[in-house]
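Undergrad: Counting from 8, one number per residue, gives the positions in the sequence shown under the numbering used here. The structure under discussion is supplied below as C-alpha cells; questions concerning it will follow.
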Amino acid sequence: MILNGPPRDISLEKTIEIQRVKQLFLQKYQNFITETHYKRAIQEFAYRTYDCGLVLAISLNFITKILVTFFYRIKLKRYDLYKNIKELSICLIPKSSSSLTDSGHPH
Numbered sequence: 008m009i010l011n012g013p014p015r016d017i018s019l020e021k022t023i024e025i026q027r028v029k030q031l032f033l034q035k036y037q038n039f040i041t042e043t044h045y046k047r048a049i050q051e052f053a054y055r056t057y058d059c060g061l062v063l064a065i066s067l068n069f070i071t072k073i074l075v076t077f078f079y080r081i082k083l084k085r086y087d088l089y090k091n092i093k094e095l096s097i098c099l100i101p102k103s104s105s106s107l108t109d110s111g112h113p114h
C-alpha cells in the first residue's frame with residue numbers, strides 16, 4: 008500500500024509530510040524540470056498545505072478484459088504511448104454507489 012496522504016484529519020509527522028510532498032512533486036514533474044529547478048521549486052512546494060484524501064485501490068497484475076480493446080487501439084495508433092502504458096501498474100478503484108449516503112452507509 009502506498010501512502011499518498013494522511014487519512015482524514017490525522018496529520019503526518021512533519022519530516023514524513025515533507026518527504027511525501029517531495030516525492031509527489033518529483034513523480035509529477037520529473038520529465039519537465041531540471042535538477043536546479045527541482046531543488047528551488049521543492050522548497051516552495053513542500054511548505055504549502057494540501058487537502059488530502061485516502062483512496063483505496065487493488066493493484067492488478069493482469070489486464071482486465073474490458074481494457075484489452077483499449078490497449079489494442081493504443082498499440083495500433085500510438086505505439087510509443089503503448090510501450091509506456093504496458094509497464095505501468097493497473098489499479099482497480101471502486102466507484103462509489105448512489106445507494107450510499109454521504110456517511111458511506113446504505114440508506
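All residues carry an ideal CB built from backbone N, CA and C; glycine is no exception.
Find the nearest neighbour of L95 within the set L67, K35, Q30, judged by alpha-carbon distance.
TA: As a first step, residue 95 is located in the sequence shown; it is residue number 88 there, counting from the start. Considering only alpha carbons, the answer is L67.
Undergrad: Measuring alpha carbon to alpha carbon, tell me which residue in T22, K93, Q50 is nearest V75.
TA: Along the sequence shown, read from residue 1 onward, the residue named residue 75 stands at position 68. Among T22, K93, Q50, the Cα nearest to that of V75 is on K93.
Undergrad: Any idea what DSSP makes of I65, helix, strand or coil?
TA: Against the sequence shown, residue 65 aligns to sequence position 58. Note: I65 maps to strand in three-state DSSP.
Undergrad: Rounded to whole angstroms, what is the Cα-Cα separation between K69 and Q30?
TA: Here residue 69 refers to the residue found at position 62 when the sequence shown is read from its first residue. Here residue 30 refers to the residue found at position 23 when the sequence shown is read from its first residue. For clarity, residue 69 is Phe in the given sequence; the question names Lys instead. Roughly 27 Å between the two C-alpha positions.
Undergrad: May I have the straight-line CA-CA distance separating I23 from Q34, to the nearest angstrom?
TA: Within the sequence shown, residue 23 is the residue found at index 16, counting from 1. Within the sequence shown, residue 34 is the residue found at index 27, counting from 1. Approximately 16 Å, taken between the alpha carbons.
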